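Note that the protein sequences, when read in sequence, are chains A and B. Using the numbering used here, read the first sequence as starting at 6 and increasing by one per residue. Using the numbering used here, read the second sequence as starting at 6 and increasing by one per residue. Every residue, glycine too, gets a C-beta built ideally from N, C-alpha and C. On a predicted model such as this, the values are computed, not experimentally measured, just so you know. Here the structure comes first, spelled out in structure tokens, and everything after it is commentary.
Number of protein chains: 2
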Amino acid sequence: MPPRQSGRMNIRKAWEADRPAILEIILPVIREGATYALDTSMSEADALSYWMAGDKETFVAEDRGIVLGTYYIRPNQAGGGRHVCNCGYITRAGAGGRGVARRMCEHSLAYAASRGYRAMQFNLVVGTNERAIHLWQSLGFQTIGRLPGAFQHPTFGYVDALVMYRLL
Amino acid sequence: MPPRQSGRMNIRKAWEADRPAILEIILPVIREGATYALDTSMSEADALSYWMAGDKETFVAEDRGIVLGTYYIRPNQAGGGRHVCNCGYITRAGAGGRGVARRMCEHSLAYAASRGYRAMQFNLVVGTNERAIHLWQSLGFQTIGRLPGAFQHPTFGYVDALVMYRLL
Numbered sequence: 006m007p008p009r010q011s012g013r014m015n016i017r018k019a020w021e022a023d024r025p026a027i028l029e030i031i032l033p034v035i036r037e038g039a040t041y042a043l044d045t046s047m048s049e050a051d052a053l054s055y056w057m058a059g060d061k062e063t064f065v066a067e068d069r070g071i072v073l074g075t076y077y078i079r080p081n082q083a084g085g086g087r088h089v090c091n092c093g094y095i096t097r098a099g100a101g102g103r104g105v106a107r108r109m110c111e112h113s114l115a116y117a118a119s120r121g122y123r124a125m126q127f128n129l130v131v132g133t134n135e136r137a138i139h140l141w142q143s144l145g146f147q148t149i150g151r152l153p154g155a156f157q158h159p160t161f162g163y164v165d166a167l168v169m170y171r172l173l
Numbered sequence: 006m007p008p009r010q011s012g013r014m015n016i017r018k019a020w021e022a023d024r025p026a027i028l029e030i031i032l033p034v035i036r037e038g039a040t041y042a043l044d045t046s047m048s049e050a051d052a053l054s055y056w057m058a059g060d061k062e063t064f065v066a067e068d069r070g071i072v073l074g075t076y077y078i079r080p081n082q083a084g085g086g087r088h089v090c091n092c093g094y095i096t097r098a099g100a101g102g103r104g105v106a107r108r109m110c111e112h113s114l115a116y117a118a119s120r121g122y123r124a125m126q127f128n129l130v131v132g133t134n135e136r137a138i139h140l141w142q143s144l145g146f147q148t149i150g151r152l153p154g155a156f157q158h159p160t161f162g163y164v165d166a167l168v169m170y171r172l173l
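Set out below in structure tokens:
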């Protein structure tokens, strides 16, 4: 059975008015500290500044006016590395299983190609985040390598992290 | 024959007064764009701000008052990734072959361990930079993976880049 999807899901650039919804979505994930390498005690203002930073383009996925997820895209490096992009995706708590993350990643891959990026790189995919790893694999990402003990998980301690990459 | 080394080489934290020397060392490498993923046209002020940014500790290697090289160390990620450090090293043009880069890397490995870091990661070692790759390998770094076409080299076009990593 395919995952439930709403045909009405719409992905668009985030506006200023989306900031409260984006914060509601990203803050629990940042506070948990299990998937993103961010200071779990960062302020709400810093969390929003991070997710909507000047080097990023930020999108939201919405369904009938409810923001179900958000992602950013940015150049992963400057200069000779700026043709490779990097993204982060977060689905609203309780909105899992509806294909939101997949839709956002598909959107980001198409958007990245349209912007002239030649590849997408995830620098630190936490090894215990199996659901994400399977999703990225199903979307054509390859595991470039495994960084031993590169992430301190709040429950599991030091775990490996993957570098994942997809040519566009 | 071992590389020429000066027994007097001293590595210490950079001071404000080192800024002109640091700029002399890093600017040609940034302008060349062959080894660092940085905007080759960045201003001198931005170059110094990058190399001596607030999240970095910056060192210089000097011999009889002449700064021969500089390196920085910083956490490679925040939060659950902050126990892995990242460094950049640049030797002054004309000062190659004296073991400056090796001495700086050895210093950084010892300093990193003393600061509680558990690993050191290089995120983007340009595949054509064979001298650096051999040096890092000789200092215990492993190639975690190869990023296809991740760096646009000014002469060779799109070349692979390596992710290298060493546990401390």
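Could you pull out every residue in the same chain whose Cβ sits closer than 8 Å to the Cβ of Q82/B, ignoring the five residues on either side in sequence? The residue labelled residue 82/B in the question sits at position 77 within the second sequence. Excluding positions up to five away in sequence, the list reads V89.
Identify, in the order they occur along the chain, each residue of the same chain with its Cβ nearer than 7 Å to the Cβ of L53/B, setting aside the five sequence neighbours on each side. Sequence index remark: in the second sequence, residue 53/B carries index 48 (1-based). Once the five neighbours on either side are set aside, the close Cβ partners of L53/B are R24, I27 and L28.
Close Cβ partners of R108/B (< 7 Å) along its chain, the five nearest in sequence each way excluded: As a working note, residue 108/B is residue 103 in the second sequence. Closer than 7 Å at the Cβ level, and outside the excluded window around R108/B, lie M14, I16 and A66.
Using a 10 Å radius around the Cβ and a threshold of 16 neighbouring Cβ atoms, would you call A155/A buried or exposed? Translated into the one-based positions of the first sequence, residue 155/A becomes position 150. Buried: at least 16 other Cβ atoms inside 10 Å.
Would the stretch 73 to 87 of chain B count as touching the stretch 108 to 122 of chain A if we require 3 or more Cβ pairs under 8 Å? no
Taking 7 Å as the cut-off, is the C-beta of H139/B nearer than that to any heavy atom in the ligand PLP? What this structure holds is no ligand at all, so the ligand PLP is not there to describe.
Considering only C-alpha positions, which residue in the set R36/B, V72/B, E62/B and G150/B is nearest to G100/B? Along the second sequence, one-based indexing puts residue 100/B at 95. Note that residue 100/B is Ala in the sequence shown here, rather than Gly. Out of R36/B, V72/B, E62/B and G150/B, V72/B has the C-alpha closest to the C-alpha of A100/B.
Where F146/A meets chain B, residues with beta-carbon distance less than 7 Å: Walking along the first sequence from the start, residue 146/A turns up at place 141. Within chain B, no residue comes near F146/A; the closest Cβ sits about 12 Å away, beyond 7 Å.
Taking only beta-carbon atoms, is T45/A less than 8 Å away from chain B? On the first sequence, residue 45/A is found 40 positions in, with the first residue counted as 1. At least one chain B Cβ lies under 8 Å of T45/A.
Would you report the Cα separation of L167/A and G70/B, rounded to the nearest angstrom? One-based indexing of the first sequence puts residue 167/A at position 162. One-based indexing of the second sequence puts residue 70/B at position 65. Approximately 43 Å between the Cα atoms of the pair.
Return no unless some Cβ of chain A is closer than 8 Å to the Cβ of P25/B. Translated into the one-based positions of the second sequence, residue 25/B becomes position 20. Judged by the 8 Å Cβ criterion, P25/B is not in contact with chain A.
Can you list, in chain order, the residues of its chain with a C-beta nearer than 7 Å to that of I35/B? Leave out the 5 residues immediately preceding and following it. In the second sequence, residue 35/B corresponds to position 30, counting from 1. Excluding positions up to five away in sequence, the list reads Y41, L43, T45, M47 and A52.
Report the three-state DSSP secondary structure of Y77/A (helix, strand or coil). As a first step, residue 77/A is located in the first sequence; it is residue number 72 there, counting from the start. Reduced to three states, the DSSP call for Y77/A is strand.
By how many angstroms is the C-alpha of Q147/A removed from the C-alpha of G162/A? Taking the first sequence and counting its residues from 1, the one referred to as residue 162/A is at position 157. Taking the first sequence and counting its residues from 1, the one referred to as residue 147/A is at position 142. Whole-angstrom Cα-Cα distance: 25 Å.
Can the beta-carbon of L172/A be found closer than 8 Å to that of P153/B? Taking the first sequence and counting its residues from 1, the one referred to as residue 172/A is at position 167. Taking the second sequence and counting its residues from 1, the one referred to as residue 153/B is at position 148. Closer than 8 Å, so yes.
Let me see if you follow: with CB-CB separation under 8 Å, is K18/B close to chain A or not? As a working note, residue 18/B is residue 13 in the second sequence. Cβ-Cβ to chain A under 8 Å: no for K18/B.
V130/B to I138/B, Cα distance in whole Å? Stepping through the second sequence from its first residue, residue 130/B is reached at position 125. Stepping through the second sequence from its first residue, residue 138/B is reached at position 133. When rounded, the distance between both Cα atoms is 7 Å.
Let me know if T96/B comes out buried or exposed under the rule of 16 or more other beta-carbons within 10 Å of its beta-carbon. Stepping through the second sequence from its first residue, residue 96/B is reached at position 91. That one is buried.
H139/B - containing alpha helix (DSSP H), residue span: For the purposes of this step, residue 139/B is taken as residue 134 along the second sequence, with counting starting at 1. Run containing H139/B: E135 to S143, per the alpha helix (DSSP H) assignment.
Which word fits G145/A, buried or exposed, when buried means at least 16 other C-beta atoms lie within 10 angstroms of its C-beta? Position 140 of the first sequence, counted from the first residue, corresponds to residue 145/A. G145/A comes out exposed.
If you reduce the DSSP assignment to three classes, tell me which class G150/A lands in. Your numbering for residue 150/A matches position 145 in the first sequence. Looking at G150/A - three-state DSSP - the assignment turns out to be strand.
Only counting the same chain, and skipping five residues up and downstream in sequence, which positions put a Cβ closer than 6 Å to that of K61/A? Position 56 of the first sequence, counted from the start, is the residue given in the question as residue 61/A. Closer than 6 Å at Cβ, skipping near neighbours: Y77 and R79.
Thinking just about the alpha-carbon of each residue, which of Y170/A, K18/A, G38/A and A98/A is nearest to the one in V164/A? The sequence position of residue 164/A within the first sequence is 159, counting from 1. The shortest Cα separation from V164/A among Y170/A, K18/A, G38/A and A98/A belongs to G38/A.
Could you tell me the boundaries of the beta strand (DSSP E) in which Y94/A lies? For the purposes of this step, residue 94/A is taken as residue 89 along the first sequence, with counting starting at 1. Residues V89 to T96.
Could you give the residue range of the beta strand (DSSP E) that holds Y170/B? Taking the second sequence and counting its residues from 1, the one referred to as residue 170/B is at position 165. Here the beta strand (DSSP E) through Y170/B covers G162 to L172.
Kindly say whether P8/B, judged by its beta-carbon, lies nearer than 8 Å to any beta-carbon of chain A. Reading the second sequence from its first residue, position 3 is the one you call residue 8/B. With a pLDDT of only 49 at P8/B, under 50, the local geometry of the prediction cannot be trusted, and the value read off the model is given with reservation. No, no contact with chain A.
Segments assigned beta strand (DSSP E), at least 3 residues, entirely inside the stretch 14 to 57 of chain B: 15 to 18
Use the C-beta contact count for Q142/A: other C-beta atoms within 10 angstroms, 16 or more gives buried, fewer gives exposed. Residue mapping note: residue 142/A aligns to position 137 of the first sequence, counting from 1. Exposed, by the Cβ-count rule.
To which residues does DSSP link D68/A through a beta bridge? Position 63 of the first sequence, counting from 1, holds the residue named residue 68/A. Looking at the DSSP assignment, D68/A forms a beta bridge with I71/A.
When Cβ atoms are compared, which residues of the stretch 115 to 131 of chain B fall closer than 9 Å to chain A? R123, A124, Q126, N128, L129 and V131
Quick one: give me the first and last residue of the beta strand (DSSP E) that A124/A is part of. Residue numbering aside, residue 124/A sits at position 119 when the first sequence is read from its first letter. Where A124/A is concerned, the enclosing beta strand (DSSP E) stretches over A124 to V131.
Could you tell me the distance, in whole angstroms, from the CA atom of Y94/A to the CA atom of P33/B? Taking the first residue of the first sequence as position 1, residue 94/A is located at position 89. Taking the first residue of the second sequence as position 1, residue 33/B is located at position 28. If I take the Cα positions, the gap works out to 37 Å.
Could you pull out every residue in the same chain whose Cβ sits closer than 6 Å to the Cβ of D169/B, ignoring the five residues on either side in sequence? Mapped onto the second sequence, residue 169/B falls at position 164. Strictly speaking, residue 169/B in this sequence is Met, with Asp absent from that position. Within the same chain, M169/B has close Cβ partners F127, V130, W141, F146 and T148.
Using CA coordinates, which residue listed in W56/A, G86/A and D68/A is at the minimum distance from R103/A? Numbered from its first residue, the first sequence carries residue 103/A at position 98. The option with the nearest alpha carbon to R103/A is D68/A.
Starting from A83/A, follow the alpha helix (DSSP H) in both directions and report where the run begins and ends. What you label residue 83/A is simply residue 78 of the first sequence in a count that begins at 1. Note, A83/A: premise wrong, no alpha helix (DSSP H); not H, not E.
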